[in-house]
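**Q** Mind the numbering: the sequence shown is residues 1 to 458 in our numbering, read in order.
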Amino acid sequence: MSLDAVLARIDDDLPAALERLMELLRIQSISTDPAYKSACDTAADWLVADLLSLGIAAEKRATPGHPMVVGHVDGDGPHLMFYGHYDVQPVDPLNLWNKDPFDPQVEETPKGKVIRGRGACDDKGQLMTFIEACRAWKAVNGTLPCKLTFFLEGEEESGSPSLVPFLNANTEEFSAPDLALICDTGLFDDNTPAITTMLRGLLGEELTITGPDKDLHSGMYGGIAMNPIRVLSKIIASLHDETGRITVPGFYDGVPEISDEIRAQWEQLGFDESGFLGGVGLSEKAGEQDRSGLEMIWSRPTCEVNGIWGGYTGDGFKTVLPSKAHAKISFRLVGTQDPLEIRESFRAMVRDMLPPDCSVEFKGHGASPASVMATSDPAFEKARLALSDEWPNPAAFIGSGGSIPIAGYFKSILGVDSMLIGFGRDDDQIHSPNEKYDLESFHKGARSWVRVLDALTR
Ligand code: BES
Ligand code: ZN
């Protein structure tokens, strides 16, 4: 039977597939840093060439930022769109990597072989699982399983600035698919595959507080002059109350309680809270009181300080009273929380807290609402069963703490629903030093897509 033949082809071709992934991983496609612009271009070219080799009409499409890679192939049955991103996060701090982040290696670990390198999981390894599934399908059957659109982005890690204009300018080309398949999420655990059905939204705010109009000697001016780092610290300290709730006025408007059905589903998953925290050297939950760990990550909104700086932070010591203090703050959003309203409310709250002589400047960094997938579409149950055939445990419908704004845009701009399937693991260290992707994720990921494609097109 052809499904078994395609799966066998994935197994036989694994060494070559791994070599292809390694090639892609060597390309330093860091989207946020202009120094890597040509590397992003090279990654796009690499993908175009790979899709062309599968008989897919693929091309690089220019945007004001990094190019999109778009491919179309005709076929019968449902029209599926595949999304992944070829850009990666910066590698700093480089000194915390054990090896060169762009010289990927297969490494033996106590839990099995892993592919180590920037983008190994997020998202080059993941997007190649789908492409490898297509390659094997084509090798065995001579055609791809159905009509397919490939949409590979190079700016996901920097907030997808070109995506919305690109989709708006090309709605006719991209609004036909019956379903978008997105490979940028994780397994529930090592043995349990997952379809992610809820994504949190994301609002990013950067603020600079200015006090004195120049840096001062903290002996000559300390005590009489307001220090903007003190002001910033007080503002940041007031963003959560003592029960862990966020204090921005109106912040909880549109935050729903999860349904009893979802609560029961999540309880059944038996999430190992202490194992999850223990894996990163922690033991106590820090969020809102009276919430389960999974609720905190999947269905509650957050406010986190991602960076804070000002004054002298170099070696040694300098008695400076700085002119400016800065912070980057992000909010994860759920339900129908409105990112733009929260932005305004947050900014008003900060302005209200400023003492005399201090001023604040804001820079917005992306504002996308949460999204919930249309799980009543029969494709979800078909895919769930297909994944369950590949992995030791049946597949779970899960939430995700991360954000993939694209899923929301596919729905709002194109009217296309998304299904999120991925094979990342909690310990993949995405966005961090020593990122990895388990060889098993890569291998079983490709096999999983074969099964899902088979289930959706049978
Ligand atoms: N692949 C991640 C999203 C993700 C992380 C999904 C963990 C599931 C589990 C994606 O590349 C990412 O990191 N997104 C950013 C948002 C983006 C707008 C910069 C994020 O979630 O911080
Ligand atoms: Zn990603």
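For glycine and all other residues, C-beta sits at the position ideal for the given N, C-alpha and C. The model shown is predicted, which means the values in this text are computed figures rather than measured ones.
1) Taking buried to mean at least 16 other C-beta atoms within 10 Å of its own C-beta, is Asp-241 buried or exposed?
2) I'd like the list of long-range same chain contacts for Arg-363, defined as Cβ closer than 6 Å, with 5 residues on each side in sequence excluded.
3) Tell me whether Ile-246 sits in a helix, a strand or coil according to DSSP, three-state version.
4) Look at the Cβ atom of Leu-321, then the Cβ atom of Asn-227, and state whether they are nearer than 9 Å.
5) Alpha carbon to alpha carbon, what distance is there between Ser-371 and Gly-415?
6) Taking 8 Å as the threshold, find out whether the region 297–305 comes into contact with the region 207–217 through three or more Cβ pairs.
7) Round the Cβ separation of Thr-313 and Gly-219 to the nearest angstrom and send it over; I've been treating them as touching at under 8 Å.
8) Examine the Cβ distances between the region 393–400 and the region 135–152 and report whether three or more of them are shorter than 8 Å.
9) Going by DSSP, what residue range makes up the alpha helix (DSSP H) through Asp-454?
10) For Met-22, I'd like the list of residues in its chain whose CB is within less than 6 Å of its CB, leaving aside the five on either flank, ordered along the chain.
11) Would you mind stating whether Ala-455 and Ala-386 have Cβ atoms separated by less than 9 Å?
12) Answer with buried or exposed for Asp-290, where buried requires no fewer than 16 other C-beta atoms within 10 angstroms of its C-beta.
13) Starting from Cys-134, trace the alpha helix (DSSP H) in both directions and tell me its first and last residue.
14) DSSP beta-bridge partners for Asp-189?
15) State the start and end residues of the unbroken alpha helix (DSSP H) segment that holds Lys-234.
16) Who are the near neighbours of Ile-329 in its chain, counting only those whose CB is closer than 6 Å to its CB and skipping five residues on each side?
17) Does the ligand BES have a heavy atom nearer than 8 Å to the CB of Leu-202?
18) Got a sec: does the ligand BES put a non-hydrogen atom nearer than 8 Å to the Cβ of Ile-430?
19) At 4 residues or longer, and completely inside the region 314–366: list those alpha helix (DSSP H) runs for me, N to C.
20) So what does DSSP say about Val-91, is it helix, strand or coil?
21) What do you reckon, is the C-beta of Ile-398 under 8 Å from a heavy atom of the ligand ZN?
22) Using a 10 Å radius around the Cβ and a threshold of 16 neighbouring Cβ atoms, would you call His-443 buried or exposed?
23) Quick one: residues with CB closer than 6 Å to any heavy atom of the ligand ZN, in chain order, please.
24) State yes or no: is the C-beta of Thr-196 nearer than 8 Å to some heavy atom of the ligand BES?
25) Does Ser-158 come out as helix, strand or coil in the three-state DSSP assignment?
26) Counting pairs of Cβ atoms below 8 Å between the region 131–147 and the region 60–71, do you hit three or more?
27) Closest to Asp-417 by CA distance: which of Ala-17, Cys-40, Glu-59, Phe-82 is it?
28) Please determine, among Met-296, Trp-97, Lys-285, Arg-26, the residue with the shortest C-alpha to C-alpha distance to Ala-39.
29) When the Cα atoms are used, what is the spatial distance from Ser-274 to Gly-77?
30) Is the region 427–442 touching the region 121–132 in the sense that three or more CB pairs, one from each, lie closer than 8 Å?
31) I'd like the span of the alpha helix (DSSP H) that includes Phe-151, first residue to last.
32) Between Gly-254 and Thr-336, which are expected to be in contact by the criterion C-beta below 8 Å, what is the C-beta distance as a whole number of angstroms?
33) Identify every run of the alpha helix (DSSP H) within the region 34–97, keeping only runs that are complete inside it and at least 4 residues long; order them along the chain.
34) Within the continuous beta strand (DSSP E) that includes Trp-309, where are the two ends?
35) Quick check: the Cα distance between Gly-307 and Asp-100, rounded to an integer number of angstroms?
36) Would you say the beta carbon of Ser-403 comes nearer than 8 Å to a heavy atom of the ligand BES?
**A** Well, looking at it:
1) exposed
2) Checking the sequence shown, residue 363 turns out to be Lys, not Arg. The residues are Glu-206.
3) strand
4) yes
5) 13 Å
6) no
7) Incorrect: roughly 19 Å between the Cβ atoms, too far for contact.
8) no
9) 439–457
10) Pro-104
11) yes
12) With fewer than 16 other Cβ atoms within 10 Å, it is exposed.
13) 124–141
14) Thr-192
15) Annotation for Lys-234: the continuous alpha helix (DSSP H) segment containing it runs 228–237.
16) Glu-205, Val-305
17) yes
18) yes
19) 339–352
20) coil
21) no
22) buried
23) His-85, Asp-122, Asp-123, Glu-156, Asp-184
24) yes
25) Ser-158: helix per DSSP, three-state reduction.
26) no
27) Phe-82
28) Check the Cα spacing between Ala-39 and each of Met-296, Trp-97, Lys-285, Arg-26: the tightest is with Arg-26.
29) 45 Å
30) yes
31) Unbroken run through Phe-151 is the beta strand (DSSP E), 147–153; no alpha helix (DSSP H).
32) Confirmed, Cβ separation roughly 4 Å.
33) Assignment of alpha helix (DSSP H) within the region 34–97, counting only whole runs of 4 or more residues, yields 37–53 in chain order.
34) 302–310
35) 25 Å
36) yes
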